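Trainee:
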Amino acid sequence: MAMTGVIRPGHAQLRVLNLEEGIHHYRDVLGMQETGRDDQGRVYLKCWEEHDHSSLVLREADSAGLDFFAFKVLDKATLDRLDGRLREYGLPTERIPAGEMLETGERVRFTLPSGHQIELYAEKTRVGNGLGHVNPNPWNAAAEKGIAPLRLDHCLLYGPNVAKVQEIFEKVLGFQLVERSLTPEGDANMGIWLTCSNKVHDIAFVEYPEPGKLHHLSFLLSSWDKVLRAADIMSMNSVPVDIGPTRHGITQGATIYAWDPSGNRFETFMGGYTVYPDHEVLTWTFEGLGEGGGLDFAQRKLHESFLTVVT
Ligand code: M3P
Ligand code: FE
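Every letter in the sequence shown is one number past the one before it in the numbering used here, and letter 253, counting from 1, is 394.
Dropping the structure here:
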């Protein structure tokens with residue numbers, strides 16, 4: 142799909158139980174760059190390859206989890222158009238003024254029937270990746286600091302009403318369904334993987350009774366070697382690993398799932414295939430998710446934590 146609407150994941154605001162531990166994890170172990178702190182005490186970070194000011198905002202709170210996940214849209218006209226479409230569809234939206242988040246323009250916020258807050262915005266200060274725009278080097282020292290992901294890539298969210306959520310992303314926001322997994326009865330989608338671009342996914346949902354839950358935020362690496370290097374760094378820093386290194390059958394991404402100090406799951410991954418508008422949706426049966434290797438293609442098992450541990 143030509144990217145004329147929603148262009149990509151932009152930022153996530155994550156709740157951490159202890160700010161200093163959260164900063165240590167995301168800045169020093171994952172290797173993101175700290176780009177600011179605001180008067181609410183929130184800390185802003187970005188991955189080394191990202192050009193915009195921030196992709197992760199940490200907020201200290203009594204419970205872990207996700208405050209909101211945001212997508213960047215092409216421009217202000219697109220923001221207004223999508224705001225109108227959401228309201229026409231029957232989803233109330235809220236306008237959050239420019240500057241409420243550091244270096245970030247006006248945001249349109251709405252709540253999905255899954256209980257998640259999603260935001261759209263068109264403007265964020267470009268701080269660059271430090272490599273310039275004329276005859277740039279491909280990387281610099283920041284590309285080797287910590288795990289050093291290229292960018293915030295996608296998230297997987299757990300909550301009720303996945304069918305409704307799918308309709309909103311496809312019909313209102315112009316996303317494309319790439320893969321799905323079925324309920325044990327096979328009569329509905331239990332999981333959906335959606336793209337707004339030609340990445341294999343930009344956001345995913347799994348049906349879950351409790352609203353507004355985070356399964357993982359995912360960070361992109363450039364090679365399988367870097368995934369193994371990430372595993373080494375996690376081990377050297379006593380980061381608890383959930384699954385991997387392995388490959389998901391679903392999306393074909395090579396992955397590690399692990400937990401930050403607050404219990405929020407994060408993923409470091411690489412790979413996946415390219416999605417074009419004529420892509421035919423791939424379907425995983427409930428058995429396919431486990432024995433079929435959908436979740437873990439190497440081990441072909443449904444790790445219990447996948448369905449039960451969320452923040
Ligand atoms: C990802 C990914 C499952 C596959 C998940 C996929 C749950 O998290 O990044 O591709 O089977
Ligand atoms: Fe993922």
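Every residue gets a Cβ at the ideal spot worked out from N, C-alpha and C, and that includes glycine.
This structure is a prediction, so every number in the text was calculated from the model and none was measured.
Terminal residues of the continuous beta strand (DSSP E) containing residue 354?
Mentor: Run containing residue 354: 354-361, per the beta strand (DSSP E) assignment.
Trainee: Taking only heavy atoms of ligand 2 into account, decide whether any of them is closer than 8 Å to the Cβ of residue 345.
Mentor: Yes, ligand 2 has a heavy atom inside 8 Å of this Cβ.
Trainee: Just the residues with CB closer than 5 Å to a heavy atom of ligand 2, in chain order, which are they?
Mentor: With the cut-off at 5 Å, the residues found are 359 and 408.
Trainee: Closest by CA to residue 282, which one among 144, 355, 161 and 174?
Mentor: Selected option, being the one with the closest Cα: 174.
Trainee: Ordered along the chain, which non-local residues of its own chain (more than five positions away) have a Cβ less than 8 Å from that of residue 319?
Mentor: Cβ within range, chain order: 334, 335, 336, 341, 342, 392, 416, 420, 422 and 423.
Trainee: Just how far apart, CA to CA, sit residue 254 and residue 302?
Mentor: Computed Cα separation, rounded: 6 Å.
Trainee: Is there contact here, the segment 431-446 with the segment 286-296, by at least three beta-carbon pairs under 8 Å?
Mentor: These segments do not touch.
Trainee: Rounded to whole angstroms, what is the Cα-Cα separation between residue 177 and residue 184?
Mentor: Answer to the nearest angstrom: the Cα atoms are 6 Å apart.
Trainee: Quick check on residue 365: does DSSP put it in helix, strand or coil?
Mentor: Residue state, collapsed to three classes: helix.
Trainee: Quick one: residues in its chain with C-beta nearer than 8 Å to the C-beta of residue 350, no 5 flanking neighbours on either side, listed in chain order?
Mentor: Once the five neighbours on either side are set aside, the close Cβ partners of residue 350 are 301.
Trainee: Could I get the ranges of all uninterrupted beta strand (DSSP E) runs contained in the segment 162-221, with 3 residues as the minimum, in chain order?
Mentor: Entirely contained in the segment 162-221, the beta strand (DSSP E) runs reaching 3 residues are, in chain order, 174-178, 184-187, 197-201 and 206-214.
Trainee: Quick one, are the C-beta atoms of residue 356 and residue 388 less than 9 Å apart?
Mentor: No, the Cβ-Cβ distance between residue 356 and residue 388 is not below 9 Å.
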